[in-house]
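Each remark here refers to the structure printed beneath this line.
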Amino acid sequence: MNLKLLDILVKDVPTLNKNRPLLDALDVLDKENVESICVNDDGGPIGILSYRDVLSKIGTQRLRAVAPESLYISGFMRPFPVTLSNDSSVRRAAKLMLELSAPSLPVFYGDTFLGLVYKREMLRVVKDSTVAATSVMRRRVPIVRSHERVIHARKLLLDQNLSMIPVVNEDGRPVGIITEREVLKALIEFHKYVPEKFQRARIRHLTISTSMVANVPLLEEEISLGEVTEKILKEGLPGVIFSEPSQPKVIGILTPDEVLDYIVRSLPEEQ
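Under full-length UniProt numbering, think of the first position of the sequence shown as 1, with each following residue one higher.
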């Protein structure tokens, strides 16, 4: 764990003006495969926009009558909750990300914006770790089935502060995952094409099967944290599912959040 914060800083970050349409931001998030984008105004960077920022508002009663095309970044972005300096520690960044549920944090050198540190990039800190990944994974995790509603998955993701949830079949065998991105995409499309007067009735028929990501790799217990993080980074995964080799049922998940928690617990204060 010898990497410094500046070693994992992303300098050329996707950036949009706060007055741009929300759908433009969602397109950028999707194409760049990032957790958040930087938002600016005429004076420079002012905040971030993530899938979670949008997901927490898009399903509310207040927005049901508003077409997604009429929404703007300014109504969903969050101002920078805190800023890091160029000499901030990796441990401090990890701790703040967890405390603030922040997918990324800005780094400044004085008044100069240097870039963003992303949760996923923080995985590079443990890329050489030989610690068993199962000792870091989250064991108590909700599961959903493909016939359940997308709005149920949304509630679980938000209430339990998760970025992904395993999807299982009737036998409990993992068949995929549902993430903030897929849930948000489904809800945006729903609000685009279903008139408001029909939404309450039809939302119940919007199921996870239409939005889930299938063919997610299942990992077994004999694998190191470094190997898992390398796989997540190389394949651009939101996380991985762990299962028992003899009985392929979910025993846990590992996402950047679990790695951040491990970093906070493992690194001394000054790092």
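Each residue gets a CB set at the ideal place from its N, CA and C atoms; glycine is no exception. Remember, it's a predicted structure, so these values are computed and weren't measured experimentally.
Asked                                                                                                                              : Found
Cα-Cα separation, Asn-19 to Tyr-72                                                                                                 : 6 Å
Touching by the beta-carbon criterion (3+ pairs, under 8 Å), the stretch 132-145 and the stretch 254-262                           : yes
Member of Glu-196, Arg-140, Leu-225 and Ala-153 whose CA lies at the smallest distance from the CA of Ser-209                      : Ala-153
With 16 other Cβ atoms within 10 Å as the buried cut-off, status of Phe-198                                                        : exposed
Same chain only: Cβ atoms within 6 Å of His-191, ignoring 5 sequence neighbours per side                                           : Pro-68
Three-pair Cβ contact test at 8 Å for the stretch 177-185 versus the stretch 121-130                                               : no
Stretch-stretch touch, CB-based, cutoff 8 Å, three pairs: the stretch 164-176 with the stretch 30-41                               : no
Distance CB(Leu-219)-CB(Pro-174) smaller than 8 Å                                                                                  : no
DSSP three-state assignment for Thr-130, whether helix, strand or coil                                                             : coil
The beta strand (DSSP E) enclosing Met-97, as first and last residue numbers                                                       : Taken as a continuous stretch (DSSP letters only), Met-97 belongs to no beta strand (DSSP E), being part of the alpha helix (DSSP H) at 90-100.
Backbone secondary structure at Leu-71 - three-state DSSP                                                                          : coil
Ile-53 versus Ser-246: straight-line alpha-carbon distance, rounded                                                                : It is Asp, not Ile, that sits at residue 53 in the sequence shown. Asp-53 and Ser-246: Cα-Cα distance of roughly 39 Å.
With 16 other Cβ atoms within 10 Å as the buried cut-off, status of Pro-195                                                        : exposed
Touching by the beta-carbon criterion (3+ pairs, under 8 Å), the stretch 113-120 and the stretch 94-104                            : yes
Start-to-end residues for the alpha helix (DSSP H) that takes in Ile-232                                                           : 225-235
Contacts around Thr-255, its chain only, beta-carbon distance under 7 Å, and the 5 residues preceding and following it disregarded : Ser-163, Met-164, Pro-238 and Gly-239
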